[in-house]
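Here UniProt numbering is used: the first residue of the sequence shown is 1, the next is one more, and so on.
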Amino acid sequence: MLEGLLEQETGLNPTEIMTDTAGASELVFGLFWLLGYQFSPRLADAGASVFWRMDHDADYGVLNDIARGQSDPRKIVLQWDEMIRTAGSLKLGKVQASVLVRSLLKSERPSGLTQAIIEVGRINKTLYLLNYIDDEDYRRRILTQLNRGESRHAVARAICHGQKGEIRKRYTDGQEDQLGALGLVTNAVVLWNTIYMQAALDHLRAQGETLNDEDIARLSPLCHGHINTWDLRAPAPTPSHLRATVAIKGSFRGAEF
């Protein structure tokens with residue numbers, strides 16, 4: 001997850017990563033914070049999470065009962081320089097995130113650096129939990145983003161038909177090419193959908209239709225029911241290089257391509 005984020009070669013500059021509950025450890029929260037990213041997992045049971053307090057004697061009001069954990073900021077102070085060097089090594093690609101995490105967790109007795117990153121993660125996770133519990137729109141946004149990710153997996157499974165889109169063979173040379181080809185075709189489907197959805201919107205606006213931003217926000221280029229994955233045909237290109245779109249009369253409800 002973190003490795004893919006650091007090694008992505010697109011022009012995008014993501015600042016927040018939303019995932020499912022798996023992998024939502026305090027160490028991961030700490031590493032994300034050190035690298036300047038917001039880690040926003042959908043937590044299956046936020047109520048069972050430990051909330052950490054910085055000051056044992058502080059009065060947190062209504063939060064006193066749930067602030068059961070005691071963080072130790074001294075560990076962060078002692079390892080601060082080393083944490084910054086670690087973050088720099090990750091940013092510059094001197095070490096892979098997966099290798100670093102394995103190294104940090106390989107011992108039954110965590111090193112001072114590991115403990116410090118975990119302390120940072122505890123603080124960041126507590127702040128995230130407070131926001132997650134308090135803000136319903138934030139929780140809905142995380143769920144929406146995760147659904148989009150699952151929609152992309154659904155497109156890939158539909159394209160890579162047979163065995164439910166799973167590659168069950170033992171590793172062989174060149175298997176990465178198969179996955180790369182699947183990613184390329186999946187991206188082509190998303191691009192095709194995006195172009196035609198925008199063409200449909202432009203057509204409706206040109207016809208004087210009123211389009212609601214709320215409706216447009218629900219559109220996704222990850223639909224695939226209209227894609228024929230069982231036959232290969234090259235349709236004759238039109239002068240505009242776009243096939244005719246059919247707009248639905250009245251408020252925008254969709255388009256048939």
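Cβ atoms here follow ideal geometry from the backbone N, Cα and C, with glycine treated the same way.
Contact check, residue i vs residue j, beta carbons under 9 Å
i    : j    : result
L27  : L104 : yes
R42  : I142 : yes
N193 : L146 : no
I17  : S40  : yes
V189 : H224 : yes
F51  : T126 : yes
L100 : L90  : yes
L6   : A97  : yes
Residue span of the alpha helix (DSSP H) that contains residue i, given as start and end
i    : result
E16  : From DSSP, E16 is part of no alpha helix (DSSP H) but of the beta strand (DSSP E) over 16-19.
F29  : 26-34
Q8   : Premise fails: Q8 is in no alpha helix (DSSP H) and is neither H nor E.
I117 : 112-134
R68  : Element bounds for R68: n/a, residue is neither H nor E.
S103 : 97-105
N228 : Unbroken run through N228: none, as it is neither H nor E.
V190 : 175-206
A87  : 73-91
D215 : 213-217
Beta-carbon separation (whole angstroms), residue i vs residue j, contact threshold 8 Å
i    : j    : result
L2   : F29  : With a Cβ gap of about 11 Å, L2 and F29 do not count as contacting.
Q38  : T15  : 6 Å
R53  : A67  : 4 Å
L201 : I216 : 7 Å
L129 : S49  : 6 Å
I133 : A46  : 6 Å
A206 : L242 : With 8 Å as the limit, A206 and L242 do not qualify as a contact, their Cβ atoms being about 14 Å apart.
The beta strand (DSSP E) enclosing residue i, as first and last residue numbers
i   : result
F39 : 38-41
Sequence-distant residues of its chain with Cβ nearer than 8 Å to residue i (five each side left out)
i    : result
M83  : L34, I76, L113, A116, I117, V120
D59  : none
K249 : Here K249 scores only 44 on pLDDT, less than 50, and its place in the model is too uncertain to base an answer on.
T186 : R152, V155, A156, I159
E108 : none
L182 : A156, I159, C160
R102 : none
Chain-order list of residues whose beta-carbon lies under 6 Å from that of residue i (same chain, five-residue window excluded)
i   : result
G88 : none
L12 : none
Contacts around residue i, its chain only, beta-carbon distance under 7 Å, and the 5 residues preceding and following it disregarded
i    : result
S151 : S220, L222
R139 : Y132
Chain D within 9 Å of residue i, Cβ atoms only
i   : result
T15 : Here there is only one protein chain, and chain D is not present.
beta-carbon residue i near the ligand ADP non-hydrogen atom, thresh 8 Å
i    : result
L113 : Only the bare structure without any ligand can be found here, which leaves the ligand ADP out of the picture.
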